[in-house]
Amino acid sequence: MNCCNRSATEALAAALLQGLTAELYLTPKPGLVDLWDNGSHADLSLPKMVASIELIGVYFDELTAALAAGAASNELIGLGRIAEERMLARLATNTHKGAIFLGGLLLTASARATDDQPETLRLAVAAVATEIIALRTPAASNGAAARQTYRVGGILAEASAGLPCLFDIALPAWHASITRRADPQRAAFSMLAALMQKVEDTTALHRCGTAGLERLRRDGRMLELLLARDEDPVPLLQQLNLEYRRSNLTMGGVADLLGLAFGYLDFLGEPVRISAEQAATLDSR
523 MNCCNRSATE ALAAALLQGL TAELYLTPKP GLVDLWDNGS HADLSLPKMV ASIELIGVYF
583 DELTAALAAG AASNELIGLG RIAEERMLAR LATNTHKGAI FLGGLLLTAS ARATDDQPET
643 LRLAVAAVAT EIIALRTPAA SNGAAARQTY RVGGILAEAS AGLPCLFDIA LPAWHASITR
703 RADPQRAAFS MLAALMQKVE DTTALHRCGT AGLERLRRDG RMLELLLARD EDPVPLLQQL
763 NLEYRRSNLT MGGVADLLGL AFGYLDFLGE PVRISAEQAA TLDSR
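Counting in this note's numbering, the sequence shown runs from 523 upward without gaps.
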């Protein structure tokens, strides 16, 4: 990796951390940790998620250094595994496991891409994902069980296809909303609505089966229509959160891709600065 690519990869790493923070602070989010509550996650909390993002920062530093040194793919996979083990040891639960995979994938692809065009990056993502999936040792997980039980591709298929939910779903939803009404928080909810309708969310499948995934699709469409009518999304999202908590439904895959989208937008020079103060103001309306 030359110095220019290294600089771009380091900038992307910093942006991805900002994206994870923006996703965390976006409030309210049905079934997910935010400033209002812990969603459908009894084992998670806002401070724990903040600490998790700090740990991912350590992993990104390690990864960018390894990429600069020309580390082999097996070594890069090992760094991701160490990051997961460190997260579990420090926090005693799975906080940002999906973000470790997706963030590591995008950073590695960025380092290997021949230019900074989105289409080039997409192709690099697909190539890196195919290589990583072929080399990694399959591990038992809730996501793996859901993929097998419900015959969906989940995050692995998404990665192998070059992250279409990022490039074809989330980013267009953001830009369409910003063009229509220059409100970053509404645009963030537009991305959430779009992703809820498209992501093969294995967390929802694991928790609530096909009915859970169908519920995400239906609610995402409802949120999209509400935003198109310029209505306030907060009452609906608060009600959905209460219902998701009662049914133990959540959407970890959607959250992972939403954070990735926030980070990539930040990298492109379109930062989504959702602070704790802004989100609290939104939630109090």
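The beta-carbon is built from N, C-alpha and C at its ideal position, and this holds for glycine as well.
Taking 7 angstroms as the cut-off, the beta carbon of W558 is found closer than this to the beta carbon of P550.
Residue environment for T531: buried (at least 16 other C-beta atoms within 10 angstroms of its C-beta). Counting along the chain, the unbroken alpha helix (DSSP H) around T732 starts and ends at 724-750. Ranked by Cα distance from G620, the options E641, L782, R795 are led by L782.
L779 has its alpha-carbon roughly 18 angstroms from the corresponding atom of Y581.
Excluding its 5 nearest sequence neighbours in each direction, P640 has C-beta neighbours in its own chain below 7 angstroms: F689, listed in chain order.
Counted as a single uninterrupted DSSP element, the alpha helix (DSSP H) harbouring S595 occupies residues 595-613.
In this structure, the CA atom of V647 is about 16 angstroms from the CA atom of G602. DSSP, read as helix, strand or coil, puts H618 in coil. I796 sits away from A537, with the two beta carbons spaced by 7 angstroms or more. DSSP assignment within the segment 760-797 yields the following whole alpha helix (DSSP H) runs of 4 residues or more, N-terminal first: 774-789. Annotation: K551 is outside any alpha helix (DSSP H) and is labelled neither H nor E by DSSP. In this structure, the alpha-carbon of T615 lies about 35 angstroms from that of D705.
Note on the segment 556-593: whole alpha helix (DSSP H) runs with a minimum of 4 residues are 568-590, in chain order. In the assembly as shown, E576 is an exposed residue. Its beta-carbon has fewer than 16 other beta-carbons within 10 Å. Distances from the alpha-carbon of L554 to those of R768, R612, L787, G684 put R768 closest. Cβ contact annotation for A695 (same chain, cutoff 6 angstroms, sequence separation greater than five): S712, M713, A716, in chain order. In this structure the segment 748-758 does not touch the segment 655-675; the number of beta carbon pairs closer than 8 angstroms is below three. Taking C-beta atoms as the reference points, L585 and G626 count as a pair closer than 7 angstroms. Comparing C-alpha distances from P569 to each of Y547, Q707, Q540 shows the shortest one belongs to Y547.
Take L629, set aside five residues on each side of it, and the residues of its chain with a beta-carbon closer than 8 angstroms to its own are T531, L534, A535, L538, F582, L585, T586, L589, in chain order.
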